[in-house]
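**Student:** Anchor point for the sequence shown: position 392 equals 1784 in the numbering used here, and the numbering is continuous, going up by one each time.
Using N, Cα and C, we set each Cβ at its ideal position, and we do this for glycine too.
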Amino acid sequence: MKAPDESLLVLLVFDRRNRLLVQINAEQRAEPTYTCRPGEVCEFSEDCVGAVTGVAGKAYLLSQQTVADQSLLIYCALQSDAAIKNGRYYSLDEIQAESENGQLNVSPLLTEVLQVIEPDLVRVPNLDTTETEYIYRFRTAKERNRGVYIDQQSEELYQSELCRAIKAARRTKEKTAGAPAVIDFGAVSYVIPSHFGFCLGVQNAIERAYETVATNPTKRIFMLSELIHNPFVNEDLLARGIRYLQTDKGLPFCVDGSITSDPNNPNALWNQLTADDIVVIPAFGATNEDKVRLLRRGLSIRENDATCMLVEKVWKAARRYAREGFTVIIHGKSEHEETKATFSNSASHGPALMIRNMEHARLLTEVIQAQGVKKKRLFEESFKGLHSKGFDPEQDLQKLAVVNQTTLLRNETLTIIEFLREFMVQCYGEAQVAEHLWSKGKGDTLCYATQVNQDALQKAVEQPIDAALVVGGKNSSNTFQLYRVCEARFGENAHYIQSEANILTSDEIRHYIFPY
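(1) If you follow the beta strand (DSSP E) that R1754 is in, where does it begin and where does it stop?
(2) If you scan the region 1618 to 1687 from start to end, which runs of the alpha helix (DSSP H) of 4 or more residues do you find wholly inside it?
(3) Taking 8 Å as the limit between beta carbons, can you name the residues of its chain near T1805, skipping five residues before and five after?
(4) Would you report the Cα separation of E1730 and F1676, rounded to the nearest angstrom?
(5) Check each candidate in P1907, H1887, F1906 and I1905 and name the one with the smallest Cα separation from D1899.
(6) Keeping to the same chain, check which residues put their C-beta closer than 7 Å to that of L1756; ignore five residues upstream and five downstream.
(7) Is it buried or exposed for I1575, if we count other Cβ within 10 angstroms and need 16 for buried?
(8) Residues in the same chain with beta-carbon distance under 7 Å from E1398, minus the five sequence neighbours each way, listed in chain order, please.
(9) To test your reading of the DSSP string, which unbroken beta strand (DSSP E) runs of 3 or more residues are found completely within the region 1441 to 1471?
(10) When you compare only the Cα positions, how much space is there between A1474 and D1668?
(11) When the Cα atoms are used, what is the spatial distance from P1500 to S1650?
(12) With three or more C-beta pairs closer than 8 Å as the rule, is the region 1559 to 1566 touching the region 1532 to 1539?
(13) Residue range of the alpha helix (DSSP H) that Q1797 falls in?
(14) If you draw a straight line from the alpha carbon of H1903 to that of I1487, how long is it in whole angstroms?
(15) How big is the Cα-Cα spacing for A1489 and H1728?
(16) Only counting runs of 3 or more residues, tell me where the beta strand (DSSP E) segments fall wholly within the region 1868 to 1904, in order along the chain.
(17) Thinking C-alpha only, which one of K1768, Y1713, V1703 and T1639 is nearest Y1840?
(18) C1646 and L1629 look like a contact to me (Cβ under 8 Å); what is the Cβ gap, rounded to whole Å?
(19) Using 7 Å as the threshold, is the C-beta distance between S1692 and R1421 below it?
(20) Under three-state DSSP, which class holds A1841?
(21) For a test of the three-state rule: what should DSSP assign to G1593, helix, strand or coil?
(22) Check this for me: beta carbons of N1619 and A1606, under 7 Å apart or not?
(23) CB-CB under 6 Å to C1700, same chain, minus the five flanking residues each way: which ones, in chain order?
(24) Mind checking which residues open and close the beta strand (DSSP E) that includes F1735?
(25) Return the bridge partner residues of N1497 from the DSSP annotation.
(26) As a quick exercise: from R1480, L1465 and V1447, pick the residue whose alpha carbon is nearest that of E1423.
(27) Spatial neighbours of L1413 within its chain, please: C-beta separation below 6 Å, excluding the five flanking residues on both sides.
(28) By Cβ distance, which residues of its chain are closer than 7 Å to R1529, with the 5 residues on each side in sequence left out?
(29) Output the distance between the C-alpha atoms of N1518 and D1697, rounded to the nearest integer angstrom.
(30) Let's see if you can read the secondary structure: which residues bound the beta strand (DSSP E) around R1480?
(31) Compare the Cα-Cα distances from K1776 to each of T1798, H1752, L1792 and L1686 and report the closest residue.
(32) Give the secondary structure of S1399 by DSSP, where H, G and I count as helix, E and B as strand, and everything else as coil.
(33) Which residues does DSSP list as the beta-bridge partners of I1747?
(34) By DSSP, does I1476 sit in helix, in strand, or in coil?
(35) Could you pull the start and end residues of the alpha helix (DSSP H) that C1819 belongs to?
(36) Apply the 10 Å Cβ neighbour rule to Q1855 and answer buried if 16 or more other Cβ atoms are within range, or exposed otherwise.
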């Protein structure tokens, strides 16, 4: 491959721990892995970097920018066993720290290149992943590894014989709700939906976490935050030695288990991480900012990423919408880990905005209709802290595409989409709606697992029932949505509990009141 006459080509080789292979030149300065001057014939091509690294592999264009009248084409390759003369792997934090304390003489070119790629760093671990590939696909029945977590300590926690029997009889189709099971004990009958419990994404995440513990007995293992919103699973993981870096609200945990609001607190576990540690990303995913923090420390991300593929499907959709010029509207709870991750991911591709409910959607249409100074003021009042950096309500609300937090009620998202559609019809006319509201595959980011659980519950509550018990974590959005279905049907006879411990007597229940 020949470098264009006006462009400097740079090859950066990262290993699976996201450490950069740096070349130490004759002047003892740290340079990029490989540099090709304008007009020179390069020793690598996009299809093969073996001539540079000694290992066959591909290079991927990461960034293309002009800096100080110099065009820079920056390619990356992922190779843990690459070797170059006078080369050494450094984490990006090591490069910065050793440069600041004088241990490493970093060349101006490498300094400039690292500054240029900073916005694209989050892409590095998955550069070789195509649009149709996922970080962590659902495992098939044959690939399942339940033995890694179902032992004497946790067998009853994850699966009982009764639950297995009910699912075998009623869960005949993974994506379609069936008739509920009725267990008749004479004086009391229990109606159980055909679909309940852990979805495939959660099962994936649980297996990845326990496999990490089993295969790394000598290493410290951390979870970015709670693996899933189930207190018993998270407590079991804690009992096996895993620690959490931050709460579900993003506040760091300290070494002594306390919570701090200061991210720079030296006792925060985040600031105690070493290159030998392992951090597992939960099923909800992680923000780009958190991933970059891990990447810069030289920690593996991809191998320990338990992000549900249906959450990643939302990210892929948002990326597609942004590429076609649409602003991404995220229907979700702004404080929820999944929504924060989706927002962070979406905002890296284009304008993004979070809305919580239909009331928020109505406020959005009021902003769109407002003019001049009023538009900007109303936007800031209604959506402060909920929009991407540099969001311009004048320009960025003309073309909208809706994605959602996967654990919300399907009908609420569809109702919001239909409301916005009717609004766009009023503004632009029926013939122009598709130009202003994404209309291909409406609702295609909704999670089928969430939906089938809701459908199965709807079938169950049609039975003659006196009271409903919904069992799940206090911070579980899935559980809350199922409780809302029951509350709408049974009112005060619907109860939100965490376990059998909340059933106090035959006529007393400790019911959790969810803060709406």
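**Tutor:** Judging by the given coordinates:
(1) That residue, R1754, is in no beta strand (DSSP E); its alpha helix (DSSP H) goes M1750 to Q1761.
(2) 1623 to 1631
(3) H1723, V1794, N1796, G1835 and L1838
(4) 5 Å
(5) H1887
(6) I1747
(7) exposed
(8) P1430 and S1463
(9) 1452 to 1459 and 1462 to 1470
(10) 20 Å
(11) 42 Å
(12) no
(13) That residue, Q1797, is in no alpha helix (DSSP H); it is neither H nor E in DSSP.
(14) 53 Å
(15) 33 Å
(16) 1886 to 1889 and 1895 to 1897
(17) V1703
(18) About 19 Å separates the two Cβ atoms, so there is no contact after all.
(19) no
(20) helix
(21) helix
(22) Note on residue identity: the sequence assigns Leu, not Asn, to residue 1619. Cβ atoms of L1619 and A1606: not closer than 7 Å.
(23) G1593 and A1675
(24) No beta strand (DSSP E) contains F1735, which is instead part of the alpha helix (DSSP H) from E1729 to A1739.
(25) R1421
(26) R1480
(27) V1405, T1425, A1474, G1479 and Y1481
(28) M1701
(29) 11 Å
(30) G1479 to Y1482
(31) H1752
(32) strand
(33) H1723
(34) coil
(35) R1802 to Y1820
(36) exposed
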